[in-house]
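Residue numbers (the UniProt record's numbering): 1 to 291.
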């Protein structure tokens, strides 16, 4: 398949495109006349499946593709276009291709393969090109190879022994569906010692997922904790149940919710904030209070 569809990002514009002509066709979708090329590629794929599978010549093509684990040519081509669109969405705002996607131009330029692929996905904030971020423990597994039950027991022993001037920030994210649609939100709970001093919650964009909610919830909780009265020897701990979020808080920010991670990096470095894994659904007081 890689050899057959090599360079498809360049030669395959999809089955339809936006017309660049004038008259009654202006602004309408017209055929790209790719049917014959797709048919030829399908013949190659079908012949390859018959060469590797012990089947009769009369075996249905659909069955051969299923058993060989290969998609039809058009499905594979559309998958390549979606991947191209995703790569375009992940480009930095100053990348040359980004400027070609957003710069105004003649109406004939709107039908290019580049802009057609870019329109396959909804708009989203572009990532910022930022330098690598390293902190103590950024290469250490947050779980330290311990199962959730053992880690939760160790966490509770540690948390119950904290002095009153130690601040712990717990956060949680949620994603749910109902008749009104999709809902994504976060919550946080802040403790001084074992005393609850502040809570908060909020909703975020419905295009987001639990990962984003966890990241934003941890940031909002940290921002709130930094406004509370403290002294010079106050220690602050971010207690997070998502190991993926911990990796990005300690090391490099992910492309999704990048702004939240970059702001967290700034605050964590400035205020010497520690991070600890607090396994979810294990009866940890802070996790239950932030949900």
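All C-beta atoms, glycine included, are put in the ideal place defined by N, C-alpha and C.
The model shown is predicted, which means the values in this text are computed figures rather than measured ones.
Just how far apart, CA to CA, sit residue i and residue j?
| i | j | result |
| --- | --- | --- |
| residue 280 | residue 153 | 12 Å |
| residue 276 | residue 170 | 10 Å |
| residue 5 | residue 66 | 19 Å |
| residue 178 | residue 220 | 26 Å |
| residue 81 | residue 9 | 6 Å |
| residue 47 | residue 55 | 12 Å |
| residue 133 | residue 248 | 9 Å |
| residue 185 | residue 122 | 21 Å |
| residue 14 | residue 266 | 43 Å |
| residue 193 | residue 285 | 12 Å |
| residue 162 | residue 222 | 18 Å |
| residue 135 | residue 79 | 37 Å |
Please classify residue i: does DSSP put it in a helix, a strand, or coil?
| i | result |
| --- | --- |
| residue 212 | helix |
| residue 203 | strand |
| residue 274 | strand |
| residue 307 | There is no way to answer for residue 307, as the model of the chain reaches only from 1 to 291. |
| residue 289 | helix |
| residue 84 | helix |
| residue 284 | coil |
| residue 217 | helix |
| residue 246 | helix |
| residue 268 | helix |
| residue 259 | helix |
Whose CA, out of the options, lies closest to the CA of residue i?
| i | options | result |
| --- | --- | --- |
| residue 49 | 28, 34, 35, 73 | 73 |
| residue 241 | 287, 198, 272, 271 | 287 |
| residue 98 | 119, 265, 178, 225 | 119 |
| residue 27 | 16, 53, 36, 138 | 16 |
| residue 131 | 212, 258, 270 | 258 |
| residue 7 | 64, 83, 69 | 83 |
| residue 375 | 94, 138, 86 | Because the chain here runs from 1 to 291, residue 375 falls outside it and cannot be looked at. |
| residue 158 | 239, 45, 252, 232 | 239 |
In its own chain, which residues sit with a C-beta less than 7 Å from the C-beta of residue i, not counting the 5 before and 5 after it?
| i | result |
| --- | --- |
| residue 143 | 151, 243, 277 |
| residue 91 | 97, 98, 126 |
Counting along the chain, where does the beta strand (DSSP E) carrying residue i start and finish?
| i | result |
| --- | --- |
| residue 189 | 181-192 |
| residue 169 | 166-178 |
In chain order, what residues of the same chain lie with their CB nearer than 6 Å to the CB of residue i, ignoring the 5 residues before and after it?
| i | result |
| --- | --- |
| residue 12 | 77 |
| residue 182 | 206 |
Between residue i and the rest of its own chain, which residues show a CB-CB distance below 8 Å, the 5 nearest in sequence each way excluded?
| i | result |
| --- | --- |
| residue 196 | 189, 190, 289 |
| residue 237 | 166, 167, 168, 169, 273, 274, 275, 276 |
Can you tell me where the alpha helix (DSSP H) with residue i in it begins and where it stops?
| i | result |
| --- | --- |
| residue 129 | Note, residue 129: premise wrong, no alpha helix (DSSP H); not H, not E. |
| residue 37 | 35-52 |
Does the ligand ZN have even one heavy atom less than 6 Å from the beta-carbon of residue i?
| i | result |
| --- | --- |
| residue 277 | With respect to the ligand ZN, the structure shown offers nothing to examine, as it has no ligands at all. |
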